[in-house]
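Participant: First the structure, then my questions, so here it is.
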Amino acid sequence: MPATTETIAAMESRFGKEKVTTFRDQTRVVVPRDELLPTMRMLKEARSFDLLVEVTCVDYLKFRDATDRFGLVYCLANTTTNERLTVRVMLNEPDLKVESMCALWNGANWLEREVYDMFGIEFVGHPDLRRILMPEEFTSFPLRKDYPMQGRGERHNFPVLTRNQA
Amino acid sequence: MSIASLEKPTADKQDYLWTLNFGPQHPATHTTLRIVLKLDGERVIDAMPDIGYLHSGFEKLGEHLDYNQYVTITDRMNYISPVANGVAWHGAVEKLLGIEITNRCKYIRVIVAELARISDHLLSTGAMGLDTGAFTFFLYAFYQREVIYDIFETLSGQRFHPSYTRVGGLSQDFTPLVIEKIRTFLKTFPATLDDMDRLLNRNRIYVDRTKGVGILTKEEATNWSATGPVARASGVTRDLRKDEPYLAYADFDFNVCCMKAGDCFARYYVRLAEMRESLKIITQAIENLPAGPINVGVDERKTLPNKKQVYSTIEGTITHFELVMLNRGFTVPNEEVYSAIESPNGELGFYVAGDGSDVPYRARCRPPSYIHFSLFPKLIRGHTLSDVVAVLGSLNIIAAELDR
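Spelled out as structure tokens, the structure:
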């Protein structure tokens with residue numbers, strides 16, 4: 001279900017008309033990084049988007065006409081009106097830091113850890129920001145576009161454990 | 001009355017704690033899950049899930065396989081209800097392309113997705129029964145799963161990974177034999193459901209082990225992004241089939257099953273009740289199955305034509321050739337969409353970014369199991385070690401979807 005006109009108007013007055021786009025009934029808004037937390041707090045408290053559906057990231061390294069490197073995607077839903085809104089933040093290297101949403105939605109905890117694990121984006125204020133799917137010793141970020149599909153041989157670099165050491 | 005409510009020990013007050021590795025190879029985790037438990041005797045003080053043992057990079061693979069090929073990977077994502085994943089994936093792709101699928105295709109997708117839901121719930125409740133000591137219940141559930149596998153085999157030639165959906169349509173149409181088999185299943189399955197009800201719903205051991213264990217309140221469920229049966233057992237009435245009807249769900253009459261307790265028993269019971277609703281949907285869909293093609297037209301050049309068209313018409317031949325050739329198929333817009341369905345486990349969404357080529361630029365899956373597993377430490381704290389399997393079973397964690 002698309003966002004209501006009130007939500008769209010609230011977003012447009014805050015960030016300007018060109019930042020709010022609609023494609024196939026989905027409303028997306030691009031938010032500057034500094035205003036992410038206040039915007040999300042406003043959306044949760046004033047517009048009652050109580051469900052954080054999804055946190056993910058897209059690496060635009062090889063994307064046609066892209067100007068920013070990473071696009072962080074937050075999908076929000078209102079469980080009473082079924083209204084949905086996608087909030088996006090653009091990030092560029094080397095400053096890959098964004099404020100964590102864990103204070104607003106507990107569900108953000110593991111979703112943000114996964115984005116950190118796969119893309120290397122740091123969530124400031126996250127209670128437990130560690131790798132979640134990859135081992136701790138892993139140094140690169142596998143879902144970045146400059147990481148090859150077959151890996152870079154990290155498996156072979158891990159120390160071999162013998163029975164005596166284990 | 002569970003032990004949790006009597007006293008709540010905290011980790012810092014205890015000077016003598018055991019650390020127990022539960023999994024990754026434990027019969028009750030069913031797959032490769034590892035949980036490091038902090039125990040005080042039998043009491044679980046804390047649980048630290050350690051996941052990633054089955055990480056196989058589904059999302060990275062999605063960026064290197066084309067829109068039709070990726071369905072073989074989504075099948076392996078949640079291998080308990082593979083067709084539902086395919087419906088979700090191709091739903092997202094069709095949304096990106098702006099394809100309106102045919103009516104018959106919508107109905108058939110509803111039928112297979114609901115069959116997948118029944119098979120998922122059978123496994124989930126059956127395995128939960130098995131873990132808490134109800135072996136007969138497990139056998140009842142698994143016999144019926146076999147019947148559903150048989151339907152999928154007749155439908156697509158594959159039992160476990162049917163890869164049934166395609167962009168803009170399906171790989172095969174329903175044959176009379178499939179319809180007959182589904183009708184037989186609709187007739188025989190309610191008797192098994194009644195038996196399953198009688199076996200466990202008032203079984204004292206089962207009720208004692210699941211009631212009041214792992215309680216999740218309504219507010220917590222929403223705050224932790226829980227969806228599907230896990231949220232509905234806590235009183236959240238959200239169901240995408242009703243709230244944001246996709247495919248042909250608006251045509252059918254069915255109820256959303258909810259409970260208020262939010263414990264393991266409620267989650268089990270919601271799943272049992274949902275199977276009856278799925279039967280209702282399949283009955284209505286199979287009786288009103290519209291005639292017509294299952295794929296969108298050949299002239300649109302978006303979906304693979306059937307073999308008869310390929311071999312007997314020039315349009316069919318050209319379309320097939322264009323779509324199979326690398327860099328020749330349909331073009332996708334430089335856009336991104338998020339599309340979700342109510343999969344057996346909860347909201348299964350795909351975030352697809354297209355870049356004009358024949359492979360998705362980014363294929364992200366919103367996995368319900370992953371989000372539900374983050375609830376686990378919270379649900380188990382204060383309960384006993386034997387409750388671990390009950391809570392795990394009630395959340396229905398599929399490791400392949402969890403680790404991706």
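The listed protein sequences correspond, in order, to chains A and B.
Once you know that position 135 of the first sequence is 135 in full-length UniProt numbering, the rest is easy, because the numbers rise by one and skip nothing.
Once you know that position 62 of the second sequence is 62 in full-length UniProt numbering, the rest is easy, because the numbers rise by one and skip nothing.
Backbone N, C-alpha and C fix where the C-beta goes; we use that ideal spot for every residue, glycine too.
Since the structure is predicted, the reported quantities are computational estimates derived from the model, not experimental observations.
1) Alpha carbon to alpha carbon, how far is B:Gly-23 from B:Ser-386?
2) What residues of chain B sit near A:Pro-142, judged by a beta carbon separation below 7 Å?
3) Compare the Cα-Cα distances from B:Ile-99 to each of B:Glu-315, B:Lys-218, B:Arg-366 and B:Gly-297 and report the closest residue.
4) Can you tell me where the alpha helix (DSSP H) holding B:Gln-309 begins and where it ends?
5) Return helix, strand or coil for A:Glu-112, following the three-state DSSP convention.
6) Closer than 7 Å to a non-hydrogen atom of the ligand HEM - does that hold for the CB of B:Ile-398?
7) At the level of alpha carbons, what is the spacing between A:Ala-77 and A:Arg-47?
8) What residues in the stretch 49-61 of chain A have a beta carbon less than 7 Å from any beta carbon of chain B?
9) Assign B:Lys-302 to one of three DSSP states: helix, strand, or coil.
10) Since B:Ala-285 and B:Tyr-107 should fall inside the 8 Å C-beta cutoff, what is the C-beta to C-beta distance between them, to a whole number of angstroms?
11) Determine which residues of the stretch 344-363 of chain B have a Cβ less than 8 Å from any Cβ of chain A, and write them out in chain order.
12) Under the rule that 16 or more other beta-carbon atoms within 10 Å means buried, what is A:Arg-124, buried or exposed?
13) Could you tell me whether any Cβ in chain B is nearer than 8 Å to the Cβ of A:Leu-43?
14) I'd like to know whether the C-beta atoms of A:Leu-72 and A:Phe-49 end up nearer to each other than 8 Å.
15) Using 10 angstroms around the beta-carbon of A:Glu-114, count the other beta-carbons present and answer buried if the total reaches 16, otherwise exposed.
16) At which residues does the beta strand (DSSP E) containing A:Gln-26 begin and terminate?
17) Between B:Ala-291, B:Met-275 and B:Gly-346, which has its C-alpha nearest B:His-121's C-alpha?
18) How would you write the range of the beta strand (DSSP E) that A:Phe-63 sits in, first residue to last?
19) What do you get for A:Val-29, buried or exposed, if any count of 16 or more other CB atoms within 10 angstroms of its CB means buried?
20) By a C-beta neighbour count over all protein chains shown, 10 Å radius and 16 as the cutoff for buried, is B:Pro-368 buried or exposed?
21) Suppose the cutoff is 7 Å on Cβ atoms and the five residues either side in sequence are ignored; what does the same chain contact list for B:Ser-5 look like?
22) To the nearest angstrom, how far is it from the Cα of B:Gly-329 to the Cα of B:Thr-210?
23) For B:Ala-248, name the three-state secondary structure that DSSP assigns.
24) So if DSSP puts B:Ile-341 in a beta bridge, which residue, or which two residues, is it bridged to?
25) Kindly indicate if chain A contains any beta-carbon less than 8 Å away from that of B:Asp-239.
Facilitator: With the given structure in hand:
1) 14 Å
2) Gly-57 and Lys-60
3) B:Gly-297
4) 307-312
5) helix
6) Absent from the structure shown: the ligand HEM. Ligands present: none.
7) 10 Å
8) Asp-50, Leu-51, Leu-52, Val-53, Glu-54, Thr-56 and Val-58
9) coil
10) 5 Å
11) Result list: Glu-347, Gly-349, Tyr-351, Ala-353, Asp-355, Gly-356, Tyr-361 and Arg-362.
12) Strictly speaking, residue 124 of chain A in this sequence is Val, with Arg absent from that position. Burial call: exposed.
13) No, A:Leu-43 does not count as interfacial toward chain B.
14) no
15) buried
16) Counting along the chain, A:Gln-26 sits inside the beta strand (DSSP E) bounded by residues 26-30.
17) Relative to B:His-121, the option among B:Ala-291, B:Met-275 and B:Gly-346 whose CA is nearest is B:Met-275.
18) Segment: none, A:Phe-63 is in no beta strand (DSSP E) and carries neither H nor E.
19) buried
20) Burial call: buried.
21) Low confidence applies to B:Ser-5: its pLDDT is 43, below 50, so where it sits in the model is not reliable, and the reading given next is rough at best. Nothing meets the Cβ criterion.
22) Whole-angstrom Cα-Cα distance: 52 Å.
23) B:Ala-248: coil per DSSP, three-state reduction.
24) Residue pairing by DSSP puts B:Ile-341 in a beta bridge opposite B:Leu-348.
25) no
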